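The structure appears right after this line, and notes come after that.
Chains as they are written, first to last, in the numbering used here: chain A, -18 to 74; chain B, 3 to 351.
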């Protein structure tokens, strides 16, 4: 469906506002029902604890690491740690 | 065989906190103590050595983290074309830096100005970056060989981090020694005079040999000789080799005198990252939404609800939002058929 057809169905003529709400709606749909999924890989750096989440991420579905509980270079899901780690990172966090 | 690891994660703001289990044990209880005697063991010898269990990752792993996530389809990706020079739509870049607070990307010896699909106010889609995956709008494009202030693609994406920047209005690149001379000593105040291997700078400003002196560099050093010298004789410059990252270690500098130099703190995309140019983004009525027809109907309800909310017709808004959610849920459940089976650890439950 084109934006124009959607605007006709809604009955509006303000393109800018309609596009803003369409963008909101696409985000909301992906929060509820993940229609568009992708993966991104990041290098692990020795002694670096914090890594940026992808800029275009709306909802994280899985976080996997290479060789997690295996020695076959497989990516496996990570558990989420509860509580604060006793060892601080070098940046003080 | 690769080493088995044990990681866990936490979320801190917009970052992942990655922890590795490094639990260390003592030598355990045996008859002979560490000092060779048969006396009673110390606590260190029979229990944990006292190392913390969860620490920052203990080793480098290329592509070690894989994040699966949902994103909003507000753009359509063009055909991947890498065979035609100026009409290519798929490109590699070596790293990023910050120009006037905006994200800027660059590649060694690459003149982006000639690329038909990279123009001011066009969109690029970055993939494979540690940080910048997604859509970015182009603010400015410079020819790396024209002696410009950055020689890359500056985007409208704001970078909140404070990064380093240095400029000097008259320096010389010297081919014999692979140096830049006449560099103000404030360079070594801003940047390290003898950096670690993971520190990078983006150099711009030279217009010699199509910009051969510019690019992302590591392994420089700074001395006060010749009114301040950046020595690049042992430096590594990062380039593109058939859409993969390549390096060149020495002898790339060419003579270029009395030029301004612009040096930015660089951030290497390890192995290089890629981007599409000529990306179509939702910005007018002709954009084709990449949604199944049924969800397009749900989106109509959503947009109607937002317009109703603007008119403070809350009852109508609530009704339309209910319809929106009902359609999305119906679409989700329509994809599931047949009996369900839970997968357990080697057993059927």
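In this text, a Cβ means the ideal position worked out from N, Cα and C, and glycines have one as well.
Treat the numbers as computed from the prediction; the structure is a model and nothing was measured.
Asked	Found
Per DSSP, residue 313 of chain B forms a beta bridge with which residues?	Note: residue 313 of chain B sits in no beta bridge, so no partner.
Do you know offhand how far residue 229 of chain B's Cα is from residue 213 of chain B's?	24 Å
Helix, strand or coil for residue 2 of chain B? Go by DSSP, reduced to three states.	Only positions 3 to 351 of chain B appear in the structure, and residue 2 of chain B is not among them; the question remains open.
Nearest CA to the CA of residue 144 of chain B: which residue from B:156, B:135, B:134 and B:138?	B:156
Beta carbon of residue 105 of chain B, beta carbon of residue 10 of chain A: below 8 Å?	no
Using 10 angstroms around the beta-carbon of residue 162 of chain B, count the other beta-carbons present and answer buried if the total reaches 16, otherwise exposed.	exposed
Hey, how far is the Cα of residue 251 of chain B from the Cα of residue 19 of chain A?	36 Å
By how many angstroms is the C-alpha of residue 74 of chain B removed from the C-alpha of residue 121 of chain B?	24 Å
Use the C-beta contact count for residue 260 of chain B: other C-beta atoms within 10 angstroms, 16 or more gives buried, fewer gives exposed.	exposed
Per DSSP, residue 98 of chain B forms a beta bridge with which residues?	B:107 and B:269
Considering only residues of the same chain and omitting the five flanking positions on each side of residue 50 of chain A, which have a CB-CB separation below 8 Å?	57
Should residue 344 of chain B be labelled buried (16 or more other beta-carbon atoms within 10 Å of its own) or exposed?	exposed
Within its chain, find whatever has a CB closer than 6 Å to the CB of residue 351 of chain B; leave out the 5 residues flanking it on each side and keep chain order.	For residue 351 of chain B, the pLDDT reaches just 43, beneath the cut-off of 50, and the residue's location in the model is therefore unreliable, although a value from the coordinates is still provided. Around residue 351 of chain B: 344.
So, with DSSP's three-state summary, where would you put residue 351 of chain B?	A caution first: residue 351 of chain B carries a pLDDT of 43, below 50, which makes its placement in the model too unreliable to give a value.
Look up residue 215 of chain B in the DSSP assignment and say whether it is helix, strand or coil.	coil
In angstroms, rounded to a whole number, what distance separates the CA positions of residue 7 of chain B and residue 59 of chain A?	11 Å
Assign residue 208 of chain B to one of two classes, buried (16 or more other C-beta atoms within 10 Å of its C-beta) or exposed (fewer than that).	buried
Pull up the distance between the alpha-carbon of residue 217 of chain B and that of residue 268 of chain B, whole angstroms please.	10 Å
Just list the alpha helix (DSSP H) runs in the region 159 to 202 of chain B, keeping only unbroken ones of 4 residues or longer that don't cross its boundaries, in chain order.	188 to 192
Can you list the beta strand (DSSP E) stretches of 3 or more residues lying completely in the region 228 to 283 of chain B, in chain order?	231 to 233, 238 to 243, 246 to 250 and 258 to 279
So who's on the other strand from residue 139 of chain A, going by DSSP bridges?	The shown model of chain A, from -18 to 74, leaves out residue 139 of chain A, and the question about it has no answer.
What residue range does the beta strand (DSSP E) around residue 12 of chain B cover?	9 to 14
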